Structures are given as structure tokens and as C-alpha cells.
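Protein sequences, first through last, are from chains A and B.
Be aware that the first sequence starts at -4, since it is given in the working numbering, and climbs by one per residue.
Be aware that the second sequence starts at 35, since it is given in the working numbering, and climbs by one per residue.
Glycine included, C-beta positions come from ideal geometry on N, C-alpha and C.
This one's a predicted model, so the numbers in the text were calculated from it and none came from an experiment.
So the structure is just underneath, and the comments pick up after that.
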Amino acid sequence: LAKTTQPISMDSYEGQEVNITCSHNNIATNDYITWYQQFPSQGPRFIIQGYKTKVTNEVASLFIPADRKSSTLSLPRVSLSDTAVYYCLVFSSGSARQLTFGSGTQLTVLP
Amino acid sequence: DGGITQSPKYLFRKEGQNVTLSCEQNLNHDAMYWYRQDPGQGLRLIYYSQIVNDFQKGDIAEGYSVSREKKESFPLTVTSAQKNPTAFYLCASSIAAAPYEQYFGPGTRLTVT
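Here it is, written out as C-alpha cells:
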């Protein structure tokens, strides 16, 4: 399973765009990139997933360069309620079919 | 109101006792999962099941057991063989075709003393 590396923590201010980058150097051809959000004492919540280029939904965008060795989760105009831990995961569609969570990035949005 | 329920939210047990954590879903999902989370850490997969009457070990299955007799239910037993059982336990489910998009329950915080 591909290992992911992301910053331990980030601070931002309300209304700003936040970009969280994740490194996954040994990603395989049949792997997908997935992001989850977790609030304290709650289960994680799926945000977005992608394979290459750009994916956008109602809450975030995911940018994946051509070599797929990294990805960037973009949160537009964050609010205080976006303060949470964000996990970057590489999902294998092959035989493993597991999600492996790292330690995530603690995003703190300041007023 | 569809979703995943886990009960109880908090559970206290004495060392040496087995304890079973409940997980029920009414999302009609084929796949279900159990994770453990320790303070400041990510989630680690204990067991998962892709179909009724079948389940596979995850990364940290030792000291745990599961059953999947019904599609809706996937109970986890923490046995006395689990050396450090105190943790936050999370159950999740997904459709078989999209295991990357898992829906999580509220979790059970188990404390063993």
C-alpha cells in the first residue's frame, strides 16, 4: 500500500482558501486518492476522491498532477467549522481494497 | 433516517473481560469495517467484511473477533487477549463498488481498567 506524507498541522483564517498537499511517491497505477475529514470524537467523513487531473464537488477540489506522486486538497473560503483533521489516503482498487489512514493534518481556522 | 449506529457511546470494562461492540447499518451496504483509533493517531483497520458470512483480518486483528450473520450487523468482540484495548472504536460501511467512500458511525469509546 502506498505511504502518504502530509503536514502535521496548518493554520488559516476565516474566508481564506486552504490547500493541503499530500505526498504519495509510490502510488500504483490502480490506486485512487481519497480525502476524509474528522472532527473530535466523531467518525471521519468522506470529502472527495480522484485519480488524475482535477475533481471538484460542492465542498472541495482535488488537484492531482500528471505524475500522481502528490495531490492537493483545496478548501475554498474556510470557516471556523472547517477546523478538523484531514486525512489523505491512497486506495488500491486491486486485491487489497483497504483504506489506510495516516496521522492526518490538523487544520485550525482562526477568526 | 439512514445511517450507522454504534452502541454504547462509552463503555467501561475490567481487564480480563470480553466485551462486544455493536454496529448496525440501514444503508443496505454490502461492506462493513471496524477501525481502532488511539489519541492523536489515524485509524487502523481491525476487520472488514464484504459480504454476509465472510470477513477478513485487517492490520491489527489480534485480540479481536467479528461475525457477519446479517447484512445490517457487524459486531466486534474485544477479547481479553487484546493487550491494549482502551481506544476509540469506529464502524463503517460502504457499497461494494466504492469501498473508498465509507460512511462512519459515531464511535464507541472503550475504557478497560
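When you compare each of T54(B), G141(B), E106(B) and D93(B) to T33(A) by their alpha carbons, which one comes out closest?
Per the sequence presented here, residue 33(A) reads as Gln, with Thr not at that position. When each option's Cα is compared against that of Q33(A), the closest is G141(B).
Residues near V86(B) by beta carbon distance below 8 Å, same chain, minus five either side
R102, E103, K104 and K105
When you check each C-beta in the stretch 129 to 144 of chain B against every C-beta of chain A, which residues fall closer than 7 Å?
P133, Y134, E135, Q136, F138, G139, P140 and G141
D93(B) lies in the beta strand (DSSP E); which residues open and close that run?
Where D93(B) is concerned, there is no enclosing beta strand (DSSP E), given that its DSSP letter is neither H nor E.
Can K(-2)(A) be considered in contact with the ligand FMN, in the sense that its beta carbon sits closer than 7 Å to one or more heavy atoms?
You won't find the ligand FMN in this model; it holds no ligand whatsoever.
List, in chain order, every chain B residue whose beta-carbon is nearer than 8 Å to that of T29(A).
Neighbourhood of T29(A) in chain B, by CB distance below 8 Å: Y134 and E135, in chain order.
In this structure, does DSSP put D77(A) in helix, strand or coil?
helix
Evaluate the contact criterion for the stretch 82 to 101 of chain B versus the stretch 72 to 83 of chain A: three or more CB pairs, one atom per stretch, below 8 Å.
no
The beta strand (DSSP E) spanning I22(A) covers which residue range?
Premise fails: I22(A) is in no beta strand (DSSP E) and is neither H nor E.
Going by the CB atoms, is the gap between Y134(B) and Y27(A) shorter than 8 Å?
yes
Applying the 10 Å Cβ sphere with the 16-neighbour rule, what's the burial state of Y82(B)?
buried
By a C-beta neighbour count over all protein chains shown, 10 Å radius and 16 as the cutoff for buried, is V54(A) buried or exposed?
exposed
Just the Cα atoms here: how many angstroms apart are V73(A) and C57(B)?
33 Å
Run down chain A in chain order and give the residues with a C-beta less than 8 Å from the C-beta of G37(B).
The contacting residues do not exist; G37(B) stays about 10 Å from chain A at best.
For the candidate residues L45(B), G37(B), T39(B) and N52(B), whose alpha-carbon lies nearest to that of A115(B)?
N52(B)
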